[in-house]
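These notes are about the structure you will find just below.
Protein chains: 4
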Amino acid sequence: MEKRIKDSFDRQGFMQYLGAELITVKEGLVRITCEHNEQLTQQHGFFHAGVVTSIVDVACGYAAYSMMPEDSNVLTVEFKTNFIRPANAKKIVAEGKVIKSGRTLTFCEGRVTDETGETVFATMMATMACIKDKR
Amino acid sequence: MEKRIKDSFDRQGFMQYLGAELITVKEGLVRITCEHNEQLTQQHGFFHAGVVTSIVDVACGYAAYSMMPEDSNVLTVEFKTNFIRPANAKKIVAEGKVIKSGRTLTFCEGRVTDETGETVFATMMATMACIKDKR
Amino acid sequence: MEKRIKDSFDRQGFMQYLGAELITVKEGLVRITCEHNEQLTQQHGFFHAGVVTSIVDVACGYAAYSMMPEDSNVLTVEFKTNFIRPANAKKIVAEGKVIKSGRTLTFCEGRVTDETGETVFATMMATMACIKDKR
Amino acid sequence: MEKRIKDSFDRQGFMQYLGAELITVKEGLVRITCEHNEQLTQQHGFFHAGVVTSIVDVACGYAAYSMMPEDSNVLTVEFKTNFIRPANAKKIVAEGKVIKSGRTLTFCEGRVTDETGETVFATMMATMACIKDKR
Chain A
151 MEKRIKDSFD RQGFMQYLGA ELITVKEGLV RITCEHNEQL TQQHGFFHAG
201 VVTSIVDVAC GYAAYSMMPE DSNVLTVEFK TNFIRPANAK KIVAEGKVIK
251 SGRTLTFCEG RVTDETGETV FATMMATMAC IKDKR
Chain B
151 MEKRIKDSFD RQGFMQYLGA ELITVKEGLV RITCEHNEQL TQQHGFFHAG
201 VVTSIVDVAC GYAAYSMMPE DSNVLTVEFK TNFIRPANAK KIVAEGKVIK
251 SGRTLTFCEG RVTDETGETV FATMMATMAC IKDKR
Chain C
151 MEKRIKDSFD RQGFMQYLGA ELITVKEGLV RITCEHNEQL TQQHGFFHAG
201 VVTSIVDVAC GYAAYSMMPE DSNVLTVEFK TNFIRPANAK KIVAEGKVIK
251 SGRTLTFCEG RVTDETGETV FATMMATMAC IKDKR
Chain D
151 MEKRIKDSFD RQGFMQYLGA ELITVKEGLV RITCEHNEQL TQQHGFFHAG
201 VVTSIVDVAC GYAAYSMMPE DSNVLTVEFK TNFIRPANAK KIVAEGKVIK
251 SGRTLTFCEG RVTDETGETV FATMMATMAC IKDKR
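Protein chains in written order, with this note's numbering: chain A, 151 to 285; chain B, 151 to 285; chain C, 151 to 285; chain D, 151 to 285.
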């Protein structure tokens, strides 16, 4: 399961582009980090909301995927992100967690924090779909 | 107003990194395009949900900003994105539109389509905040 | 199809309790109205956000249901509501519209307005699921 | 603060109509219960998504309000609800919790469970606004 997720992560051109790193892969729980650089910023120099959202979406997606059958695929149906405070940090950590894993749909919660995990920058609620036929 | 938005857009390291281009700036309506390349993909080679979300967030943000006072700034409070179908296209167009502009909060709707505008890949509902003191 | 939806609506104890009325049933489009009374208010005497949300959820649900096979059922997966302005009106009209109808998931957009349809009180984005086995 | 919230709750015609009861009021945390009856059901006899949403919205709203200045008021800006499983219970408990309380905006998380708190029926992410002038 870990290998399946790591392989899929490595095929995501965008994750490599962001310099994102997969640091935790457990059943129902995935963590991804990303280091600050100027190419990931909004107009005030903080992490862009799009970067924050991208990595926590992927963390939620793989958390869901970790509980899906081997011959399946995961797709983001929808998500909502609340931006609690500007992501003013050298490194951000996105955590995705499964709330309920169903046959077709999986509900996840995510959060993006600083390295200590104490300052929350954003929270996510996401719905993921299990696609049965490999694509 | 157009200049203010273009300048702010140019300061977003992440938008340049994505190769995103600001193509329409009107009062309450902004459009941004982005061309496909391998660095913007998810594991199946389509546009990454994070890229799709990033550019429509920015389109909504500047649509809101276009109706805010000059000495203000815009911040994304929250958004929700529905992924209608995989963004399988050479170029995507994100449109952000103001639904209601208030003193503090502005509500926007966004959508991401192909170049013709006929195939909708994603829709967004977003809340933007007007920050009075320039930061 | 209209009969199927009307029958289902009539079985919703809560819709009757609210005095909600089904006024339009077309393929992919449903409208429901509700008249103001003191039992539907929040602390300032306007329509309660919960009432506003309830009827637009149902409008979206039946809009989705109108495009599903006969031997199926509809379930709300999730929704998001933006409250544009206080619902200060004698009567509110909720409209639910299908954006994309899929085999399992249907995406809808909804809005709640006054009787003229000109003043928007709330907007909704919703995901509905088609449940194949009748329950 | 408790009295202020209880008084406001009692002025909500809709909460009384639902038979909802305020059972916990702490700083940043509010719980509301509601008992099952036929008038609160959807077409399958379970709690209606609208009822579930209404009470957790109010729980979040008052959780936010508990941390606002005395001469202020609270307004729901937006919320998103995920329906994890059908609310098949005799009594539901909605809990609203403050994630971050700001001068203007407060972010809350909510959940609706059975009486034991173990079975989660729905989760909410909400944004509340502090309105300074009493209305």
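For glycine and all other residues, C-beta sits at the position ideal for the given N, C-alpha and C.
DSSP puts residue 202 of chain C in a beta bridge; with which residues?
-> Residue 202 of chain C is not bridged to any residue.
Hey, out of D/208, D/229 and D/186, whose CA is closest to residue 264 of chain D's CA?
-> D/186
Run of the beta strand (DSSP E) containing residue 197 of chain B, from where it starts to where it stops | Residue 197 of chain B -> no beta strand (DSSP E), and no H or E assigned at all.
Quick one: residues in its chain with C-beta nearer than 7 Å to the C-beta of residue 218 of chain C, no 5 flanking neighbours on either side, listed in chain order?
-> 224 and 280
Within the chosen definition, does the region 160 to 178 of chain B reach the region 230 to 242 of chain B through at least 3 CB pairs nearer than 8 Å?
-> no
Is residue 192 of chain B closer than 8 Å to residue 162 of chain A when the C-beta atoms are compared?
-> yes
Take residue 261 of chain D as the anchor and find which of D/183, D/190 and D/155 has the nearest alpha-carbon.
-> D/183
Within 8 Å (strictly less), CB to CB, does residue 246 of chain C reach chain D?
-> no
Taking C-beta pairs closer than 7 Å, name the residues in chain A that residue 277 of chain C reaches, listed in chain order.
-> 227, 228 and 277
Beta bridge counterpart(s) of residue 251 of chain D as assigned by DSSP | D/256
Tell me where the beta strand (DSSP E) around residue 155 of chain D begins and ends.
-> Residue 155 of chain D -> not in any beta strand (DSSP E); alpha helix (DSSP H) instead, spanning 152 to 160.
How close, in whole Å, do the beta carbons of residue 228 of chain C and residue 230 of chain D come, if the pair is a contact with beta carbons under 8 Å?
-> 7 Å
If the cut is a Cβ gap below 9 Å, which residues of chain B does residue 254 of chain D touch?
-> 254, 255 and 279
Using 8 Å as the Cβ pair cut-off and three pairs as the minimum, do the region 193 to 211 of chain D and the region 194 to 213 of chain C touch?
-> yes
Keeping to the same chain, check which residues put their C-beta closer than 8 Å to that of residue 209 of chain B; ignore five residues upstream and five downstream.
-> 180, 181, 182, 244, 245, 246 and 260
Identify the contact partners of residue 187 of chain D in chain A, using a Cβ-Cβ distance below 8 Å as the criterion.
-> Within chain A, no residue comes near residue 187 of chain D; the closest Cβ sits about 27 Å away, beyond 8 Å.
Residue 285 of chain C - DSSP class collapsed to helix/strand/coil = Low confidence applies here, because residue 285 of chain C scores a pLDDT of 45, under 50, leaving its location unreliable and the question unanswered by this model.
Nearest residue (CA-CA) to residue 271 of chain A, options D/156, D/267, D/250 and D/232 | D/250
For chain C, find out if any of its Cβ atoms is closer than 8 Å to the Cβ of residue 203 of chain D; answer yes or no.
-> yes
Alpha-carbon spacing of residue 157 of chain B relative to residue 212 of chain B, whole angstroms | 11 Å
How should residue 275 of chain B be labelled, buried or exposed, when 16 other C-beta atoms within 10 angstroms of its C-beta is the threshold for buried?
-> buried
Distance CB(residue 214 of chain B)-CB(residue 278 of chain B) smaller than 8 Å = yes
Could you check if residue 266 of chain A is buried or exposed, using at least 16 other CB atoms within 10 Å of its CB as the buried criterion?
-> exposed
From the DSSP output, read off the bridge partner residues of residue 232 of chain C.
-> C/273 and D/228
Are the CB atoms of residue 226 of chain C and residue 196 of chain D nearer to each other than 8 Å?
-> no
Is there at least one Cβ from chain A nearer than 8 Å to residue 161 of chain B's Cβ?
-> yes
Of all Cβ atoms in chain A, is any one closer than 8 Å to the Cβ of residue 269 of chain D?
-> no
Cβ of residue 250 of chain D less than 8 Å from any chain A Cβ?
-> yes
So, residue 222 of chain C versus residue 153 of chain C, is the Cβ gap smaller than 8 Å?
-> no
Backbone secondary structure at residue 177 of chain A - three-state DSSP | coil
Span separating the alpha-carbon of residue 169 of chain A from that of residue 159 of chain A = 12 Å
How is the alpha helix (DSSP H) around residue 166 of chain C delimited, first residue to last?
-> 163 to 168
Would you kindly check if the distance between the Cβ of residue 254 of chain B and the Cβ of residue 254 of chain D is under 8 Å?
-> yes
Would a C-beta distance cut-off of 8 Å place residue 204 of chain C and residue 155 of chain C closer than the cut-off?
-> no
Min CB distance residue 172 of chain B to chain A below 8 Å = no
DSSP three-state call for residue 237 of chain D: helix, strand or coil?
-> coil
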